[in-house]
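Reading through the structure tokens given below for one structure.
Protein chains in written order, with our numbering: chain A, 168 to 279; chain B, -6 to 467.
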């Protein structure tokens, strides 16, 4: 087991209990804590990749974590290029991590 | 009454806002995040407050005092989710912001035309490229901090922390407190380098005793958790197919060149690497502020930049930590509000902690031998996936010693992050190819025409001007 949330019970700073937020990631439901980023909810399930690159088809995930590197871009409710580390999840958000990949053949077709 | 706009609500910006209010100005405080505190005081969101947040922070009481005072003040407007994308100086200083959910489509424009502007935009980690650094599971120290403090999420089970500088220690501590096992902290500089950096004029350190105490706390934390702290070592590669499963570490020379035969493979599921910090200069450059030879914003003893009406405070004037940022913010706030003098205590703290900052740089600064751990297949520009081999080939073919032509022909540094991650590394790589060891043009990777990416539709919609300087404030 890799990336995961620290259980509130074992946390020295004693966070309050809170409500949950449920999103879908490529169609699969994922539940997090209200106030979490989209990246945080995906990573809490030990999934680190958030997209594949257009040119090299390589996996990428959170790198800088503070909105500077733009490596964690996902599609949220049909809107592309949203930084998953910066955007707080809202109930029902539909996340698509394959948009770069989906777009590649189209982009090539357009250029040809 | 004067109007002061402050960009950035980290320690420097908060101190500046508080100080400008004491001096009687109206204050608008802009921050791209939806919480105050910046990266240093990153904390759980208001929807999930913790009862003992202070355990994770230095100076938490100071943060609370500043925020309570600002949030309860009617003459302070705090604008969260405000991404400043441009500053122009066509007629006074105009600040263009877009406000709303990060990268959303429903954001609103607002333009501010204050009497004085204080830039407190801070810094982000600078991580040097190494083979495999683009794999999921490789993070900057700042990412590990931000997820641990802001969400109570551990980025991995077995984590290695590497790079240079005292910031590695709080990163390791945050990881441990979020439940990770830190298998080692590798500092690239050697003991002799640290001693050379730290030892001239040791008496100056006494003035910075609180800082010494902060560092001692981290060292004690290391002992308690039995985390090995290795000097003169670096992570030189990360391995894995879809995520990191191991790293190669090596001993490095004083100039950070890896020493052949000292490589060791270490199994980890996450690696956090930071070698330095890069100041967030784009807005200062847009405002026409002159930079120092070390590429920070140049300020005078009143924290004034070279642009009339624009002040700067915190990490964009030099990497100096929270105490220096607070002192600079306090001084900048007072002068931006039109006061002739700043508090003596703030000036004294600025003097002490500026000395501390210079010594951190001398002890922990990046050394040029790091390019020795690169391979031709190593991705340098993460956005455009440009490898060292591609940069080398292009540089040789075109006999290029110009950053501009290299960027245009390889696209290195031209991706969506606009060279924030790789810009300075590309410059250093190109310098290492050049016979004179220097670039022929005076382009720098710090220049960005638009300070943060916008959608075209957003650029087309008209800004709503507010706070027109002295004449029509509310």
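Backbone N, C-alpha and C define an ideal beta-carbon position, used for all residues, glycine too.
Contact defined as beta carbons within less than 8 angstroms: I believe residue 486 (chain B) pairs with residue 343 (chain B). What is the distance between those atoms, to the nearest angstrom? Any question about residue 486 (chain B) goes unanswered here, given that chain B covers just -6 to 467.
Could you compute how far the alpha carbon of residue 197 (chain B) sits from the alpha carbon of residue 54 (chain B)? Only weak support is given to the placement of residue 197 (chain B): the predicted model assigns it a pLDDT of 49, under 50, and the question is left unresolved by the model.
8 angstroms contact criterion, which residue 137 (chain B) and residue 162 (chain B) should meet: CB distance rounded: Between residue 137 (chain B) and residue 162 (chain B) the beta-carbon gap is near 13 angstroms, outside 8 angstroms, which marks them as no contact.
Roughly how many angstroms separate the alpha carbons of residue 81 (chain B) and residue 362 (chain B), rounded to a whole number? A direct Cα-to-Cα measurement between residue 81 (chain B) and residue 362 (chain B) gives close to 40 angstroms.
What residues in the segment 380 to 411 of chain B have a beta carbon less than 7 angstroms from any beta carbon of chain A? So the list reads 409, 410, given in the order they occur along the chain.
Beta-carbon proximity list for residue -6 (chain B), same chain, < 6 angstroms, skipping 5 on both sides: Excluding positions up to five away in sequence, the list reads 19.
Contact set between residue 179 (chain A) and chain B, taken where Cβ atoms lie within less than 9 angstroms: The answer, in chain order, is 45, 48, 49, 170.
Assuming residue 346 (chain B) and residue 317 (chain B) are in contact, meaning their beta carbons sit under 8 angstroms apart, how far apart are those beta carbons, in whole angstroms? With 8 angstroms as the limit, residue 346 (chain B) and residue 317 (chain B) qualify as a contact, their Cβ atoms being about 4 angstroms apart.
Leaving out five residues on either side along the sequence, give the residues of the same chain with a beta carbon under 6 angstroms from the beta carbon of residue 68 (chain B). Taking residue 68 (chain B) as the centre and dropping the five residues before and after it, the same chain places the C-beta of 19 closer than 6 angstroms to its C-beta, in chain order.
CB residue 5 (chain B) to CB residue 335 (chain B), shorter than 7 angstroms? No, the pair does not count as a contact, with Cβ atoms beyond the cut-off.
In DSSP terms, what residue 251 (chain B) is bridged to: Partner(s): B:245.
What is the DSSP secondary structure of residue 347 (chain B), reduced to helix, strand or coil? Three-state result, residue 347 (chain B): helix.
With residue 385 (chain B) as the anchor, note down where its alpha helix (DSSP H) starts and where it stops. That run of the alpha helix (DSSP H) goes 381 to 390.
Using the C-alpha atoms, what's the distance from residue 146 (chain B) back to residue 164 (chain B)? Between residue 164 (chain B) and residue 146 (chain B), the C-alpha separation is close to 13 angstroms.
Residue from B:389, B:376, B:438, B:116 whose Cα sits closest to the Cα of residue 238 (chain A): Selected option, being the one with the closest Cα: B:376.
Since residue 32 (chain B) meets chain A, which of its residues come closer than 7 angstroms, beta carbon to beta carbon? Correct list: 233.
Going by other Cβ atoms of all chains shown within 10 Å of its Cβ, with 16 needed for buried, is residue 58 (chain B) buried or exposed? Exposed is the call here.
Give the residues of chain B in contact with residue 226 (chain A), contact being defined as C-beta atoms less than 8 angstroms apart. Proximity of chain B to residue 226 (chain A) at the Cβ level (cut-off 8 angstroms) is accounted for by 128, 129, 235, 236, in chain order.
The alpha helix (DSSP H) that contains residue 140 (chain B), what's its start and end? DSSP places residue 140 (chain B) in the uninterrupted alpha helix (DSSP H) bounded by 134 to 144.
Assigned exposure category for residue 447 (chain B) - 16 Cβ within 10 Å defines buried: Burial state of residue 447 (chain B) is buried, judged by a 10 Å Cβ sphere holding 16 or more other Cβ atoms.
Could you tell me how far apart the beta carbons of residue 107 (chain B) and residue 86 (chain B) are, in whole angstroms, since I believe they sit closer than 8 angstroms? Contact holds; Cβ gap of about 7 angstroms.
Would you say residue 203 (chain A) reaches chain D, if we count a Cβ-Cβ gap shorter than 7 angstroms as a contact? Here the protein chains are A and B, and chain D is not one of them.
Tell me, please, which residues DSSP counts as bridged to residue 22 (chain B). When beta bridges are read from the DSSP output, residue 22 (chain B) appears opposite B:-1, B:71.
Taking C-alpha atoms, which residue in B:175, B:329, B:111 lies nearest to residue 151 (chain B)? Minimum Cα distance to residue 151 (chain B) is reached at B:175.
Which of helix, strand or coil does DSSP assign to residue 357 (chain B)? If DSSP states are grouped into helix, strand and coil, residue 357 (chain B) belongs with the helices.
Can you find a CB in chain A that lies within less than 7 angstroms of the CB of residue 135 (chain B)? It does; some Cβ of chain A falls within 7 angstroms.
Could you tell me whether the Cβ of residue 247 (chain A) comes closer than 7 angstroms to any Cβ of chain B? Contact with chain B is absent for residue 247 (chain A), since none of that chain's Cβ atoms lies less than 7 angstroms from the residue's Cβ.
Check the C-beta distance from residue 263 (chain B) over to residue 251 (chain B) and give it rounded, since I have them as a contact under 8 angstroms. Not confirmed; about 22 angstroms, so no contact.
Status (buried if at least 16 other CB within 10 Å, exposed otherwise) for residue 174 (chain A): In the assembly as shown, residue 174 (chain A) is an exposed residue. Its beta-carbon has fewer than 16 other beta-carbons within 10 Å.
If residue 153 (chain B) sits next to residue 261 (chain B), beta carbons under 8 angstroms apart, how far is it from one beta carbon to the other, in whole angstroms? The beta carbons of residue 153 (chain B) and residue 261 (chain B) sit about 5 angstroms from each other, so the pair counts as a contact at 8 angstroms.
Cβ contact check for the segment 37 to 45 of chain B and the segment 347 to 357 of chain B: 3 or more pairs under 8 angstroms: Touching, no.
Alpha carbon to alpha carbon, how far is residue 113 (chain B) from residue 271 (chain B)? Distance between the alpha carbons of residue 113 (chain B) and residue 271 (chain B) is about 14 angstroms.
Show which residues of chain A have a CB atom less than 9 angstroms away from the CB atom of residue 37 (chain B). Neighbours of residue 37 (chain B) on chain A, chain order: 180, 182, 183, 202.
For the beta strand (DSSP E) that residue 112 (chain B) lies in, which residues bound it at each end? Taken as a continuous stretch (DSSP letters only), the beta strand (DSSP E) holding residue 112 (chain B) covers 109 to 112.
Residue nearest to residue 181 (chain A) in terms of C-alpha spacing, selected from B:139, B:31, B:37: Looking at the Cα atoms, B:37 is the closest of the given residues.
Nearest-angstrom Cα separation, counted from residue 227 (chain A) out to residue 366 (chain B): Cα to Cα, the separation comes out at about 22 angstroms.
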